[in-house]
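Beneath this line is the structure, given in structure tokens, with notes to follow.
Residue numbers (the working numbering): 1212 to 1761.
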């Protein structure tokens, strides 16, 4: 029978072609989704993961044998030609050893210490390159702000030979493909262009703090478990199963720490709780999960590891968090990094660092890549995010529009009038605009320009404030914007000059001048109220309440 199947696979592979195979992994007993399961192509390092809803997609060019594994379930092998819409995994019930039943559980701390010592034996300590799929989305309060997807390569020149203190310290990183939505977040300009380093550092096998510290830092993703082990309390939580192996479940809690404030109260410092899953025979770390809190702020991480050719590699990272500002506003982010392939050997070596915003914008967009390669299946939530951010426009088209948008709001002193005209056209059906015509002789109305910063903070993502400089001297204009801190996140600047056709079209004869344009792209008020006029906010509110949704 096996020979017949192999013969069929060989016969059909020549006409198979590139395909995206999709299915959902469910618990056989409960029918519930099995999230973050590992789906690997047997005999290769290629694979994917199931998403939060148990769904996965994988690119195959020929019939293959898949292996599906997840903690707490029996592993399952299935030929791709036999895959239906649903793959069921059977839960494993592990009987505890007599030593556990007799209330003499294993020493949790010693198990973890042994796991750290065994890293060089359980994980590849030779050079290798790993290819990942990256997804990142975030929102301000209840409004989603951006979604980014990328293909990421990581070259580990020494493998897992030693711990790193930060991503990129002993490895190279490059982005080969990227697509993204428009950015509507409060900190659109201040955002890190891509957060690959942050999520790589959630790999506790590869990243650990080098020195002991007095207190845990909330603002780093690098674990201090190994270095500051005495600052934690550990507990044995039981035994589960993974791919036919018994697995220890170790819980840990960072010992409470507080600081005396100037008001005489004690404030709790950063705290952390989590679990680590370690095989009972080889002491390999196969999963970690942690919740770190500081006041109302929180960060949650999960990492998963799978075996390939006798060694473990990370196959799925999750990093998500929530922060709260003093004005009660909140920012939520979610990042995932999923392994799609591992390549061993020096021939795969490359030199590189994480690219900046400019370099990311220059990555050519390849629509064929996104339609034929393995990506993390989107959940219904993420499909809604894509639709919300782009108004129904596909993520592919949003990225092309985003690139053009960024090119037209950067360096508004070069072809400023042309860039503004594009921006005004792009804003139709999308943005309400408040135009500010000004010049270097602005001292007499400086207070008006300063008030715009406050209005921008209040109406960010609802109304776009655009400064149009009538100066002819580009260098003077740049120095002025910098000196008076007019470049504020969310405010857009163009230098159109004193002979501007745009200024004439809006009947601007002197500065300052203000023009209000509604969401449909029509002039609502050619002589709009000044920022200092309280009635301006009434106009803003009227336009916001009567804006047509597209």
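Even glycine gets a Cβ: it sits at the ideal position worked out from N, Cα and C.
For residue 1550 against residue 1541, the beta-carbon gap comes to about 31 Å, at or over 8 Å, which does not count as contact.
In the DSSP secondary-structure assignment, residue 1518 is bridged to 1523.
Cα atoms of residue 1618 and residue 1638: separation of roughly 15 Å, rounded to the nearest angstrom. Bounds of the alpha helix (DSSP H) holding residue 1582 are 1578-1583. Taken atom to atom, the span from the alpha-carbon of residue 1493 to that of residue 1333 is near 7 Å. Cα atoms of residue 1460 and residue 1432: separation of roughly 22 Å, rounded to the nearest angstrom. DSSP places residue 1698 outside any beta strand (DSSP E), giving it a letter other than H or E. Beyond the five residues adjoining it in sequence on each side, residue 1613 comes within less than 8 Å, by CB distance, of 1391, 1392, 1393 and 1394 in the same chain, given in chain order.
Cβ neighbours of residue 1341 within its own chain (closer than 7 Å, five residues either side excluded): 1365, 1524, 1550 and 1553. For residue 1734, the enclosing beta strand (DSSP E) begins and ends at 1734-1736. Cβ-Cβ separation between residue 1344 and residue 1586: approximately 5 Å, consistent with a contact (criterion under 8 Å). With respect to the 7 Å criterion, residue 1348 and residue 1596 are classified as neighbours on the basis of their beta carbons. Secondary structure of residue 1627 (DSSP, three-state): helix. Taking C-beta atoms under 8 Å as the contact rule, residue 1723 and residue 1659 qualify, at a distance of about 6 Å. Uninterrupted beta strand (DSSP E) stretches at least 3 residues long and entirely within the segment 1533-1582 occur at 1541-1555, given in chain order. By alpha-carbon distance to residue 1481, the top candidate from 1428, 1247, 1515 and 1387 is 1428. Secondary structure at residue 1490: strand, using DSSP grouped into helix, strand and coil. By the C-beta density criterion, residue 1745 is exposed, having fewer than 16 other C-beta atoms within 10 angstroms. Of 1588, 1485, 1294 and 1547, the smallest CA-CA separation from residue 1499 is found for 1485.
If you draw a straight line from the Cα of residue 1463 to the Cα of residue 1447, it comes to about 9 Å. In the three-state DSSP reduction, residue 1361 falls in the strand class (E or B).
Per DSSP, the beta bridge partners of residue 1482 are 1504. If you compare the alpha carbons of 1300, 1296 and 1273 with that of residue 1247, the shortest gap goes to 1300. If you draw a straight line from the Cα of residue 1694 to the Cα of residue 1688, it is about 10 Å long.
As computed with DSSP, residue 1649 is found in a beta bridge with 1680. The Cβ-Cβ distance between residue 1358 and residue 1291 does not fall below 7 Å.
DSSP places residue 1407 in the uninterrupted alpha helix (DSSP H) bounded by 1407-1411. Beta-carbon to beta-carbon, residue 1646 and residue 1405 are separated by about 32 Å, too far to satisfy the 8 Å threshold. Using a C-beta cut-off of 8 Å, the segment 1367-1381 makes contact with the segment 1415-1422, since at least three inter-stretch Cβ pairs fall below that distance.
At the C-beta level, residue 1709 and residue 1628 stay beyond 7 Å of one another. Considering only 1667, 1325 and 1440, the residue with the shortest C-alpha distance to residue 1466 is 1440. DSSP places residue 1288 inside the beta strand (DSSP E), whose first and last residues are 1287-1290. Excluding five sequence positions before and after residue 1634, the CB atoms of its chain that fall closer than 6 Å to its own CB belong to 1619, given in chain order. Note: residue 1724 is bridge-paired with 1648 in the DSSP secondary-structure output. No residue range can be given for residue 1436, since it is assigned to no alpha helix (DSSP H) and is classified by DSSP as neither H nor E. One thing to note: residue 1705 has its Cβ no nearer than 7 Å to the Cβ of residue 1598.
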